[in-house]
Amino acid sequence: MTGSYLDKLNPDQRRAVEHGITDPVRSPGGPLLVIAGAGSGKTNTLAHRVAHLVVKGTDPGRILLLTFTRRAAAEMIRRVDRIVATAVGARTGAKAAAFAWAGTFHGIGARLLREYAEMIGLEPRFTIHDREDSADLMNLVRHELGFSQLERRFPAKATCLAIYSRTVNAEMPLAAVLAKAFPWCSEWENELRRLFDAYVQAKHTQNVLDYDDLLLFWVEMLGEPQLAADLGGRFDHVLVDEYQDTNPIQAKILLALKPDGRGLSVVGDDAQSIYSFRAATVRNILDFPSLFSPPAHTVTLAQNYRSTQPILAASNAVLALATEGFAKNLWSERKEGGRPLLASVEDEGAQARYVVERVLRNREAGIALKAQAVLFRASHHSAVLELELTRRKIPFVKFGGLKFLEAAHVKDVLACLRFIENPRDRVAGFRVINLIPGLGPSTAGRILDGMSCAVPGAAVAGLADVAVPARAAPEWRGLAALLQALCAAEVEWPLDFERVRMWYEPHLRRIHEDDADVRAGDLAQLAAIAAGYPSRERFLTELTLDPPDATSDLAGPPHLDEDYLILSTIHSAKGQEWKAVFLLNSVDGCIPSDLAAGSTEEIEEERRLLYVAMTRAKDQLDIIVPHRFYAHHQPGTGDRHMYATRSRFIPDALLSFFERRWWGGDRGMAAQPRSGARHDIAGRLRARWR
Numbered sequence: 031m032t033g034s035y036l037d038k039l040n041p042d043q044r045r046a047v048e049h050g051i052t053d054p055v056r057s058p059g060g061p062l063l064v065i066a067g068a069g070s071g072k073t074n075t076l077a078h079r080v081a082h083l084v085v086k087g088t089d090p091g092r093i094l095l096l097t098f099t100r101r102a103a104a105e106m107i108r109r110v111d112r113i114v115a116t117a118v119g120a121r122t123g124a125k126a127a128a129f130a131w132a133g134t135f136h137g138i139g140a141r142l143l144r145e146y147a148e149m150i151g152l153e154p155r156f157t158i159h160d161r162e163d164s165a166d167l168m169n170l171v172r173h174e175l176g177f178s179q180l181e182r183r184f185p186a187k188a189t190c191l192a193i194y195s196r197t198v199n200a201e202m203p204l205a206a207v208l209a210k211a212f213p214w215c216s217e218w219e220n221e222l223r224r225l226f227d228a229y230v231q232a233k234h235t236q237n238v239l240d241y242d243d244l245l246l247f248w249v250e251m252l253g254e255p256q257l258a259a260d261l262g263g264r265f266d267h268v269l270v271d272e273y274q275d276t277n278p279i280q281a282k283i284l285l286a287l288k289p290d291g292r293g294l295s296v297v298g299d300d301a302q303s304i305y306s307f308r309a310a311t312v313r314n315i316l317d318f319p320s321l322f323s324p325p326a327h328t329v330t331l332a333q334n335y336r337s338t339q340p341i342l343a344a345s346n347a348v349l350a351l352a353t354e355g356f357a358k359n360l361w362s363e364r365k366e367g368g369r370p371l372l373a374s375v376e377d378e379g380a381q382a383r384y385v386v387e388r389v390l391r392n393r394e395a396g397i398a399l400k401a402q403a404v405l406f407r408a409s410h411h412s413a414v415l416e417l418e419l420t421r422r423k424i425p426f427v428k429f430g431g432l433k434f435l436e437a438a439h440v441k442d443v444l445a446c447l448r449f450i451e452n453p454r455d456r457v458a459g460f461r462v463i464n465l466i467p468g469l470g471p472s473t474a475g476r477i478l479d480g481m482s483c484a485v486p487g488a489a490v491a492g493l494a495d496v497a498v499p500a501r502a503a504p505e506w507r508g509l510a511a512l513l514q515a516l517c518a519a520e521v522e523w524p525l526d527f528e529r530v531r532m533w534y535e536p537h538l539r540r541i542h543e544d545d546a547d548v549r550a551g552d553l554a555q556l557a558a559i560a561a562g563y564p565s566r567e568r569f570l571t572e573l574t575l576d577p578p579d580a581t582s583d584l585a586g587p588p589h590l591d592e593d594y595l596i597l598s599t600i601h602s603a604k605g606q607e608w609k610a611v612f613l614l615n616s617v618d619g620c621i622p623s624d625l626a627a628g629s630t631e632e633i634e635e636e637r638r639l640l641y642v643a644m645t646r647a648k649d650q651l652d653i654i655v656p657h658r659f660y661a662h663h664q665p666g667t668g669d670r671h672m673y674a675t676r677s678r679f680i681p682d683a684l685l686s687f688f689e690r691r692w693w694g695g696d697r698g699m700a701a702q703p704r705s706g707a708r709h710d711i712a713g714r715l716r717a718r719w720r
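Residue numbering for the sequence shown follows the numbering used here, starting at 31 and increasing by one per position.
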């Protein structure tokens, strides 16, 4: 057997793959940090490293592979399988099922917590709340404490949950989080402390966990020496993708699993660290080498396989102005192509028309709509463009807005399934019971108070006999019968999903009569997804922890042509690439956002956002600068025009990396004038008497 399966890697990729892998079972190599620039083949490199470990004798079941989406983990293992089969022959190659520990931090955490539940004070049948359900539970507790009845406005449920989550994940004191990120809530510090204490107690009583608990319990487990030794001893190698997106708790988990760093490999790019609002910190990747003695070995991947050299040159120039980061200079063998276009337009309406004209011109030149994307800093930035696309009958799909699992009809069905799985889940119970016409919150609360039994079957046994208003009785008996049958496991998964869907359909028609057919189609797609899971518990857990970004992730864009334009926030576009990319509103106040310009750290993350947007482009990059915005309802001035300046991240010193153009609507594209607009006064005077 030879290393021929590594021959297609470039020298830097090969160094990253082979580091420390001589006898990976008896002597795992020291810690490895791979700084993988945008488009540098990061996924391919990590997959080859995992495959190389297997080829050299590591048991796939003793490899822990952590990614940030379940789909990324599945794709990684598929690649590993192909590489291993190439290396040692298909008949003896490792199978995907052998990689028992590949998934997201939260998904792996959920599996470990169920396995160790009785040792750490949990009941194994716990259910997991998504963010919206967690906010609903926070709101219930908020109301019970009387904070919704105060004379002064107490923070809303979503804000309360955001404060709680930031405090937990960033491992910061509540007072510090309030001062830094939520200063308008600082006066409520004592009340928020009481609220969070009651929220934690409510979760325990109802046997539910939220996202944050999956990491909190895991890191607390690793604080117990016996459990830490047991968990760390299960894995010879721990590999982490997108390490720049980890928060302090995730970093502590890794260090607790591999305190000396042996067998620990992390891959990421500090220049693409853009998720501080989730408590991710760029410090994790910047400080990683110095956590060990000797320092972690660092390999930088700088050859880019995505973009043309002119696009990379401009992107490198933007990033070079950052105050801190690993040195990297992306380069490509693709020397063709012009410089990125820096297009100035009059206002947002002109910006929308410009994008449509360029998109359609590209399409006529053979670039499909799906190979083009329009990116923006905030979801509402695309509003004017969406109207123009609709007017011109150009189909599009937008990412970064409403998520599939946030749709009311989807949440109704999932709440019913969660309530069957865990009848102590009050948020799910309230949602399901309130679907019955004639039943309100008071009746729902009384019913749930009576369901105190921990055994699911017994908890629902007497529901049909509960006194309810006469007009609600028939529907109530139908729900009670459904819950009793499914808690008693009279049907197997996924038939119980179909039973729930059939029960819910009349309610869907009643509640959403205007678009019931479209919503029913969503539930049909959800049923298809459910059929791919072995159990109700696995379906609920994995769908909650790794939800699709949009309906189109499940079923393809509904009611569209076979081709459609991509609209996306920059955050949702990370990891993607398109032949042509258009970046909207490249002005101060939008990028950097005026809401994220309060500190050097925030400004630097906004710079990285621009860098991420630019490096999504393969062949064509248009950065658009509208010079005027129409602002509604401005304090003291009402509606008025506001003027904008080009983003500070593209100062005059960098203009040589761009081709500058002024787009004048019907007048088309013209070279950018050196100093203001040119006026052909002489021509007008000559023509006056003609």
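Even glycine gets a Cβ: it sits at the ideal position worked out from N, Cα and C.
- Under the three-state reduction of DSSP, Phe659 is assigned to strand.
- The continuous stretches of alpha helix (DSSP H) do not include Glu689, which lies in the beta strand (DSSP E) extending over residues 689–693.
- Within the stretch 368–421, the runs of beta strand (DSSP E) that reach at least 3 residues and sit entirely inside it are, in chain order, 371–377, 402–406.
- With a contact defined as Cβ atoms closer than 8 Å, Leu143 and Trp248 qualify at about 7 Å.
- For His537, the secondary structure class from DSSP, reduced to helix, strand or coil, is helix.
- Going by DSSP, Phe612 is part of the beta strand (DSSP E) stretching over 608–613.
- Shortest Cα-Cα distance from Leu316 to any of Ala309, Ile680, Thr328 involves Thr328.
- Within a 10 Å sphere around the beta-carbon of Phe129 sit 16 or more other beta-carbons, which makes this residue buried.
- CA-to-CA, the gap between Glu572 and Arg109 works out to about 22 Å.
- Within 10 angstroms of the beta-carbon of Gly67 lie 16 or more other beta-carbons, which makes it buried.
- Annotation for Phe429: the continuous beta strand (DSSP E) segment containing it runs 426–429.
- Excluding five sequence positions before and after Arg637, the CB atoms of its chain that fall closer than 8 Å to its own CB belong to Val348, Leu349, Leu351, Ala352, Pro622, Phe679, given in chain order.
- Beta bridge pairing from DSSP links Ser57 with Asp53.
- Residue burial annotation: Glu634 is buried, with at least 16 other C-beta atoms found within 10 angstroms of its C-beta.
- In chain order, Ile193, Arg196, Thr197, Ala200 place their CB closer than 8 Å to the CB of Val207, counting only its own chain and leaving out the 5 sequence neighbours on each side.
- One alpha carbon belongs to Thr99, the other to Asp552, and they sit about 22 Å apart.
- Contiguous beta strand (DSSP E) elements confined to the stretch 444–468 do not occur, taking only those with 3 or more residues.
- Counting only runs of at least 4 residues, the stretch 312–338 fully encloses the following alpha helix (DSSP H) elements, listed from N- to C-terminal order: 313–317.
- The straight-line gap separating the alpha-carbon atoms of Leu342 and Leu331 is approximately 14 Å.
- Here DSSP, grouped into helix, strand and coil, assigns His159 to coil.
- Burial is judged here by how many other beta carbons sit within 10 angstroms of a residue's own beta carbon; Asp442 has at least 16 and is buried.
- Under the 10 Å beta carbon count, Ser57 is surrounded by fewer than 16 other beta carbons and is classified as exposed.
- Ranking Pro61, Trp131, Leu478, Ile559 by CA distance to the CA of Arg92 puts Trp131 first.
- At a Cβ-Cβ threshold of 8 Å, Pro564 and Gly291 do not count as neighbours.
- Within the same chain, Pro154 come within 8 Å of Glu148 by CB-CB distance, once the 5 residues on both sides are set aside.
- Note on geometry: alpha-carbon atoms of Ala211 and Thr311 lie some 14 Å from one another.
- Apart from the 5 residues on each side of it in sequence, Gln381 sits with its Cβ closer than 6 Å to the Cβ of Val375, Ile654, Pro656 in its chain, given in chain order.
- Here the alpha carbons of Arg456 and Ala445 stand approximately 10 Å from one another.
- Residue pairing by DSSP places Val270 opposite Leu96, Val296 in a beta bridge.
- Between Arg529 and Leu512, the gap from beta carbon to beta carbon is short of 8 Å.
- Judged by DSSP in its simplified three-state form, Ser598 adopts strand.
- Where Ile65 is concerned, the enclosing beta strand (DSSP E) starts and stops at 62–66.
- DSSP, reduced to helix, strand and coil, places Ala491 outside both helices and strands of the structure shown, so it counts as coil.
- The three-state reading of DSSP puts Trp131 in coil, since its state is none of H, G, I, E or B.
- Contact between Arg566 and Leu447 holds, since their C-beta atoms are separated by about 6 Å, short of 8 Å.
- At least 8 Å separates the beta-carbon of Asn392 from that of Ala603.
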